[in-house]
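In the numbering used here, each residue's number is its place in the sequence shown (first place is 1) plus 540.
All residues carry an ideal CB built from backbone N, CA and C; glycine is no exception.
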Amino acid sequence: MQSAALFLTAILGGFLLVSIPALADEDISKVNGSIQIEEGRNMGDLGTVNGSIRVGANSRAVEVSSVNGSIEIESGAQVESADTVNGRISIGKQARVAQDMETVNGSLRLDEGSEVGADLSNVNGAITLRAAHVVGQISTVNGDIEIGADSRVDGGILVEKSNSWFSWSNSKPPRVVIGPRAVIGGSMVFQREVELHVSESAKVGKIEGATPRMFAGETP
């Protein structure tokens with residue numbers, strides 16, 4: 541009897557083990573309210589209309605999207621894409637966005653060792669890289685661009701002429717700084733007036749639409 545009971549327990553245990561599927565990564569969608577993901581979580585899509593999103597350190601998510609709100613991706617976190625309309629996006633040290641990272645009205649910041657696997661773009665707002673890597677192109681209309689020391693941009697830089705009501709009125713030319721030991725693959729194309737500063741130790745490709753002012757120190 542005891543052997544039969546053990547056999548039945550083993551069979552049922554095996555059945556239960558096989559029958560319980562792995563839990564799917566959780567999606568979170570809101571209209572009003574912020575989304576806060578704690579450290580080390582695995583999530584699906586994260587979306588809100590009115591609210592900010594924070595992806596905690598070493599967490600993972602798929603699409604991270606807001607309309608009116610900022611997005612913060614903390615150190616070591618990984619997401620597929622990040623976008624908002626009105627708000628800044630920042631990614632911490634060693635964090636990664638596999639595809640595009642974009643906003644319309646807001647700044648974009650990449651900290652040391654972070655990476656964007658496709659394009660980085662906005663219309664209005666500063667773009668800052670700190671020893672970071674962008675695989676695609678960086679583009680803006682009115683934003684200042686700072687490619688900090690030891691950063692790399694494989695797809696070049698584009699500053700577009702304003703053709704949209706999304707663009708803020710801005711009479712001051714954008715300031716573009718290519719820092720020491722930075723590498724810009726592809727072309728830098730400027731369709732409007734800019735103030736361009738390039739470090740003597742930086743490596744850049746073709747420049748269209750602007751004349752660079754070279755500098756020797758850490759900053760212009």
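> Is Glu579 helix, strand or coil when you go by DSSP?
Replying inline: coil
> If you count every other CB in all the chains shown that lies within 10 Å of the CB of Gly596, and 16 or more means buried, which is it?
Replying inline: buried
> Over what stretch of residues does the beta strand (DSSP E) that includes Arg721 continue unbroken?
Replying inline: Segment: none, Arg721 is in no beta strand (DSSP E) and carries neither H nor E.
> Is there at least one Cβ from chain B nearer than 8 angstroms to Glu740's Cβ?
Replying inline: The structure shown contains no chain B; it holds only a single protein chain.
> Taking Ala635 as the reference, which of Ser647, Thr624, Leu648 and Gln618 has the closest Cα?
Replying inline: Gln618
> Are the Cβ atoms of Leu650 and Ala672 separated by less than 8 angstroms?
Replying inline: yes
> What's the call for Glu578, buried or exposed, on a 16-neighbour Cβ count within 10 Å?
Replying inline: exposed
> Val674 and Asp690 look like a contact to me (Cβ under 8 angstroms); what is the Cβ gap, rounded to whole Å?
Replying inline: Not a contact, Cβ separation roughly 13 angstroms.
> Where Gly591 and Ser605 are concerned, what is the direct C-alpha to C-alpha distance, given to the nearest angstrom?
Replying inline: 10 angstroms
> Of all the options Asp659, Val644, Glu700 and Glu735, which has the alpha carbon lying nearest to the alpha carbon of Glu686?
Replying inline: Glu735
>> Using C-beta distances below 6 angstroms, list every residue in its chain close to Ile593, excluding the 5 sequence neighbours before and after it, in chain order.
In response: Ile575, Leu586, Val604, Ser606 and Ile611
>> By DSSP's criteria, Lys570 is part of a beta bridge. Which residues make up the other side?
In response: Thr588
> For the candidate residues Gly749, Arg732 and Pro720, whose alpha-carbon lies nearest to that of Thr759?
Replying inline: Pro720
> DSSP three-state call for Arg628: helix, strand or coil?
Replying inline: coil
> By the 10 Å Cβ neighbour count, where 16 or more other Cβ atoms means buried, how is Thr588 classified, buried or exposed?
Replying inline: buried
>> Tell me the rounded alpha-carbon separation between Asp565 and Asn598.
In response: 15 angstroms
> Alpha carbon to alpha carbon, how far is Asn582 from Gly696?
Replying inline: 33 angstroms
> Based on the DSSP secondary-structure assignment, which residues constitute the bridge partners of Ala658?
Replying inline: Answer is none; Ala658 lacks a bridge partner.
> What's the C-alpha gap between Gly632 and Gly688?
Replying inline: 15 angstroms
> In angstroms, rounded to a whole number, what distance separates the CA positions of Phe730 and Val699?
Replying inline: 5 angstroms
>> So, at 6 angstroms on beta carbons, what are the nonlocal neighbours of Val723 in its own chain, with the 5 sequence-adjacent residues on each side left out?
In response: Arg692 and Lys743
> If you follow the beta strand (DSSP E) that Thr668 is part of, which residue opens it and which one closes it?
Replying inline: Ile667 to Leu669
>> Looking at the secondary structure, which residues open and close the beta strand (DSSP E) in which Ala601 lies?
In response: Arg600 to Asn608
> Under the three-state reduction of DSSP, which class applies to Val637: helix, strand or coil?
Replying inline: strand
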